[in-house]
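Here's the structure we're looking at; comments come further down.
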Amino acid sequence: EQPSPSPPSTCGSTHIPDVTHLRPGEDLGLRCDYGLLFGAAEADGLFRQLEDEVEYFEGELTKLHVFGKWHSIPRKQVTYGDPELTYTYSGVTFSPKPWIPVLNRIRDRIALHTGHTFNFVLINRYKDGCDHIGEHRDDERELVPRSPIASVSFGACRDFIFRHCDSRGKNATRHIKPIKLQLAHGSLLMMKYPTNVYWYHSLPTRKRVLAPRINLTFRKVMTLAGK
1 EQPSPSPPST
11 CGSTHIPDVT
21 HLRPGEDLGL
31 RCDYGLLFGA
41 AEADGLFRQL
51 EDEVEYFEGE
61 LTKLHVFGKW
71 HSIPRKQVTY
81 GDPELTYTYS
91 GVTFSPKPWI
101 PVLNRIRDRI
111 ALHTGHTFNF
121 VLINRYKDGC
131 DHIGEHRDDE
141 RELVPRSPIA
151 SVSFGACRDF
161 IFRHCDSRGK
171 NATRHIKPIK
181 LQLAHGSLLM
191 MKYPTNVYWY
201 HSLPTRKRVL
211 APRINLTFRK
221 VMTLAGK
């Protein structure tokens, strides 16, 4: 598969400010900052490097255990990070591959921009708008309590949906409108505490999107006793 030579740097004609603070009118626990981290030319180069150098999981690590059944992941996935770490979700424990220069470059830029350092990254590659990820919270036990998660996107612009835990499904107890963002090429979404306590997020199917997207979520992970 050939990567698109010059992925879109913005979502349509929408201007993306340096930083947008997501804070709903009433206190619903959503604490996020969103803005561009890389200019278009630098983001294009990083996208091509990621396409050339990231090696995704194969075999059993491409399946997740959900509601008692094993399902193939509808995207490519891999973890990189410090050697002593592991990360478990949906019935699968992932050991990270060692850091590579392009990931260190992105991680260093996040640290310079936000003041936060990270020791682990989960990378998802969506080949087009049919690849997706369902509603979930990043609340695994290995995450350092109250630590932020830095989500960096390259490639095709995709819709990203936040939904409050009280407003999900048939047993919803409150009516809270979901919040939709469009995550642009070269952008950074900082999800801060307590966002993942109260809000689920997803990247839904968008069949009109034909180009690939790569998302990197940088995390602070700790080693759990007894693992």
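For the sequence shown, the UniProt record's numbering puts the final residue at 227, and the numbers step up evenly by one.
Even glycine gets a Cβ: it sits at the ideal position worked out from N, Cα and C.
It should be emphasised that the depicted structure is a prediction, and the values quoted were computed from it without experimental measurement.
Three-state class that DSSP yields for residue i in the structure shown
| i | result |
| --- | --- |
| Arg219 | strand |
| Cys157 | coil |
| Cys165 | helix |
| Ile106 | helix |
| Gly59 | helix |
| Leu189 | strand |
| Ala43 | helix |
| Thr195 | helix |
| Arg48 | helix |
| Glu53 | helix |
| Gly35 | strand |
Backbone CA spacing between residue i and residue j [nearest angstrom]
| i | j | result |
| --- | --- | --- |
| Leu85 | Val78 | 14 Å |
| Ser147 | Leu30 | 14 Å |
| Glu53 | Gly81 | 15 Å |
| Arg75 | Pro194 | 27 Å |
| Met190 | Ser153 | 12 Å |
| Ile179 | Pro83 | 36 Å |
| Thr62 | Ile73 | 6 Å |
Assumed close pair residue i, residue j - CB separation to whole angstroms, cut-off 8 Å
| i | j | result |
| --- | --- | --- |
| Tyr126 | Pro204 | Actually they are not in contact, since the Cβ atoms of Tyr126 and Pro204 sit about 11 Å apart, beyond 8 Å. |
| Ile123 | Ser202 | About 18 Å; that fails the 8 Å criterion. |
| Leu28 | Tyr200 | About 13 Å; that fails the 8 Å criterion. |
Can you list the beta strand (DSSP E) stretches of 3 or more residues lying completely in the segment 78-133, in chain order?
87-89, 92-94 and 120-126
Mind the definition here: the segment 102-109 touches the segment 42-52 only if three or more C-beta pairs lie below 8 Å; say whether that holds.
yes
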